[in-house]
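Trainee: Starting off with a structure, shown below.
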Amino acid sequence: MKRTFYIAAVALMAFACKNETKTTVVDIRSGEGNTFSIGGKKIAEPSDKVVLFDGSNLNAWKGYGTDGMHDNWTIEDGAMAFTPGEEGGKNIITKNTYKNFELNLEWKVSEGGNSGIFWGVKESPEFKEAYETGPEIQVLDDERHPDAKVANGTHKAGSLYDMIKPANGMINPAGEWNKVTLYINHDSNLGKVSLNGKEAYSFPVNGEEWDAMVAKTKFADWKGFGKYQEGHIGLQDHGDKVWYRNITIKEL
Numbered sequence: 009m010k011r012t013f014y015i016a017a018v019a020l021m022a023f024a025c026k027n028e029t030k031t032t033v034v035d036i037r038s039g040e041g042n043t044f045s046i047g048g049k050k051i052a053e054p055s056d057k058v059v060l061f062d063g064s065n066l067n068a069w070k071g072y073g074t075d076g077m078h079d080n081w082t083i084e085d086g087a088m089a090f091t092p093g094e095e096g097g098k099n100i101i102t103k104n105t106y107k108n109f110e111l112n113l114e115w116k117v118s119e120g121g122n123s124g125i126f127w128g129v130k131e132s133p134e135f136k137e138a139y140e141t142g143p144e145i146q147v148l149d150d151e152r153h154p155d156a157k158v159a160n161g162t163h164k165a166g167s168l169y170d171m172i173k174p175a176n177g178m179i180n181p182a183g184e185w186n187k188v189t190l191y192i193n194h195d196s197n198l199g200k201v202s203l204n205g206k207e208a209y210s211f212p213v214n215g216e217e218w219d220a221m222v223a224k225t226k227f228a229d230w231k232g233f234g235k236y237q238e239g240h241i242g243l244q245d246h247g248d249k250v251w252y253r254n255i256t257i258k259e260l
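Written as structure tokens, this is what we have:
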């Protein structure tokens, strides 16, 4: 009886290896997926991070206030590139909205350039621009742009714009890539920014402490600024050439 059971088990294992089960991980942006084996040696596994830009397409993005994508945003050498035109206001936002998340991306700015990374953006006819509602992580050429010399450093690259400045030496110069990690959790009332792999600063994201921070800025009397816990991620047209790449988001 034992020998019969052993032979049957071996035969069953051989059949399973020959007919491995295949599972497809679907990319929610495009409907495409990667197949990997779960009947034998695991080749790949699904990730809880969602790719917002991997150099292949701009499907996760749209123009602010429009259904389409602005032509000023293109793909160059695997990076999302913004090239300024005659008209401004070509800001873009994610098609999806997010409340609690960890956003990772890399940016590179032209000499003298200026741009920004928004979160909590409310898209509404009530607000003409994304920056009217979304707080900003500054993207800047600190060496050449005058913004770096004002507002006690809270307009420098990597700053929580007009609120918190990073320590000196955390940002690479114009023409070089910088990595940003933005952590936002409204449930624990915590925001954190890391620059090029080093934690730069943390801050409250709602409630009385957040309101007190905003009250000391130029946004103090802005109706919708920083009011929306769930909103779009945005990238800014500030009239200068800028590049973004390797953009992922993980919902918490």
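First residue of the sequence shown: 9, per the numbering used here; consecutive thereafter.
Idealized CB from N, CA, C, for every residue including glycine.
This structure is a prediction, so every number in the text was calculated from the model and none was measured.
#1: Whole angstroms are fine: how far does the CA of residue 255 sit from the CA of residue 185?
#2: With which residues is residue 191 paired in a DSSP beta bridge?
#3: Which residues share a DSSP beta bridge with residue 221?
#4: By the 10 Å Cβ neighbour count, where 16 or more other Cβ atoms means buried, how is residue 99 classified, buried or exposed?
#5: Which stretch, first to last residue, makes up the beta strand (DSSP E) that contains residue 89?
#6: To the nearest angstrom, report how far apart residue 249 and residue 229 are at their CA atoms.
#7: Drop a sphere of 10 angstroms on the beta-carbon of residue 183, count the other beta-carbons inside from all chains shown, and report buried for 16 or more, exposed for fewer.
#8: With a 10 Å radius around its C-beta and 16 neighbouring C-beta atoms as the bar for buried, classify residue 131 as buried or exposed.
#9: For residue 156, does the three-state DSSP call read helix, strand or coil?
#10: Would you list the residues sitting across from residue 240 in a DSSP beta bridge?
#11: Can you name the start and end residues of the beta strand (DSSP E) that residue 256 belongs to?
#12: Residues in the same chain with beta-carbon distance under 6 Å from residue 111, minus the five sequence neighbours each way, listed in chain order, please.
#13: So the candidates are 66, 113, 164 and 56; which of them puts its Cα closest to the Cα of residue 76?
#14: From this set, 124, 220, 219 and 201, which residue's C-alpha is nearest residue 175's C-alpha?
#15: Let me check understanding here. Comparing Cα to Cα, which of 85, 208, 223 and 63 lies closest to residue 214?
#16: Using the Cβ count rule (16 or more neighbours within 10 Å means buried), how would you classify residue 167?
#17: Should residue 138 go down as buried or exposed, given a rule of 16 or more other Cβ atoms within 10 Å for buried?
#18: Quick check on residue 140: does DSSP put it in helix, strand or coil?
#19: Suppose you measure from the CA of residue 227 to the CA of residue 233; what does that come to, to the nearest Å?
#20: For the 8 Å Cβ check, are there 3 or more pairs between the region 111 to 129 and the region 149 to 160?
#21: Tell me which same chain residues have a C-beta within less than 6 Å of the C-beta of residue 246, skipping the five on either side of it?
#22: With distance defined between alpha-carbon atoms, name the residue in 216, 203, 193 and 179 nearest to residue 260.
#23: Considering only residues of the same chain and omitting the five flanking positions on each side of residue 164, which have a CB-CB separation below 6 Å?
#24: Please name the residue, chosen from 218, 199 and 181, that lies closest to residue 210 on a Cα-to-Cα basis.
Mentor: Considering the structure as presented:
#1: Within the sequence shown, numbered from 1, the residue matching residue 185 stands at position 177. Within the sequence shown, numbered from 1, the residue matching residue 255 stands at position 247. For residue 185 and residue 255, the distance between alpha carbons rounds to 13 Å.
#2: If you number the sequence shown from 1, residue 191 lands on position 183. DSSP lists 110 and 200 as the bridge partner or partners of residue 191.
#3: Along the sequence shown, one-based indexing puts residue 221 at 213. DSSP output for residue 221 lists no bridge partner at all.
#4: In the sequence shown, residue 99 corresponds to position 91, counting from 1. Answer is buried; the Cβ neighbour count reaches 16.
#5: Numbered from 1 along the sequence shown, position 81 holds the residue referred to as residue 89. If you look at residue 89, you'll find it in the beta strand (DSSP E) that goes 87 to 90.
#6: Within the sequence shown, residue 249 is the residue found at index 241, counting from 1. Within the sequence shown, residue 229 is the residue found at index 221, counting from 1. Cα to Cα, the separation comes out at about 31 Å.
#7: Here residue 183 refers to the residue found at position 175 when the sequence shown is read from its first residue. If you draw a 10 Å sphere on the C-beta of residue 183, you find fewer than 16 other C-beta atoms in it, and that means exposed.
#8: Within the sequence shown, the letter at position 123 stands for residue 131. Of the other Cβ atoms in all chains shown, 16 or more fall within 10 Å of the Cβ of residue 131; this residue is therefore buried.
#9: Position 148 of the sequence shown, counting from 1, holds the residue named residue 156. Of the three classes helix, strand and coil, the one that applies to residue 156 here is helix, per DSSP.
#10: For the purposes of this step, residue 240 is identified with residue 232 of the sequence shown, where counting begins at 1. For residue 240, which the question treats as bridged, DSSP gives the partners 129.
#11: Here residue 256 corresponds to residue number 248 of the sequence shown, with the count starting at 1. First-last of the beta strand (DSSP E) with residue 256: 250 to 259.
#12: Mapped onto the sequence shown, residue 111 falls at position 103. So the list reads 190 and 257, once near-sequence residues are dropped.
#13: By 1-based counting over the sequence shown, the position of residue 76 is 68. Checking every option, the nearest Cα to that of residue 76 belongs to 66.
#14: Locating residue 175 in the sequence shown gives position 167, counting from the first residue. The option with the nearest alpha carbon to residue 175 is 201.
#15: By one-based count along the sequence shown, residue 214 stands at place 206. Closest option to residue 214, Cα to Cα, is 223.
#16: Counting from one through the sequence shown, the residue named residue 167 turns up at place 159. So residue 167 ends up on the buried side.
#17: Translated into the one-based positions of the sequence shown, residue 138 becomes position 130. That one is buried.
#18: In the sequence shown, the residue the question calls residue 140 occupies position 132. Of the three classes helix, strand and coil, the one that applies to residue 140 here is helix, per DSSP.
#19: In the sequence shown, residue 227 corresponds to position 219, counting from 1. In the sequence shown, residue 233 corresponds to position 225, counting from 1. Each residue's Cα considered, the two are about 7 Å apart.
#20: Result yes; three or more Cβ-Cβ pairs closer than 8 Å.
#21: Taking the first residue of the sequence shown as position 1, residue 246 is located at position 238. 122 and 123.
#22: Reading the sequence shown from its first residue, position 252 is the one you call residue 260. Closest by alpha carbon: 193.
#23: For the purposes of this step, residue 164 is taken as residue 156 along the sequence shown, with counting starting at 1. Cβ neighbours of residue 164 within its own chain (closer than 6 Å, five residues either side excluded): 150, 156 and 173.
#24: Translated into the one-based positions of the sequence shown, residue 210 becomes position 202. The shortest Cα separation from residue 210 among 218, 199 and 181 belongs to 199.
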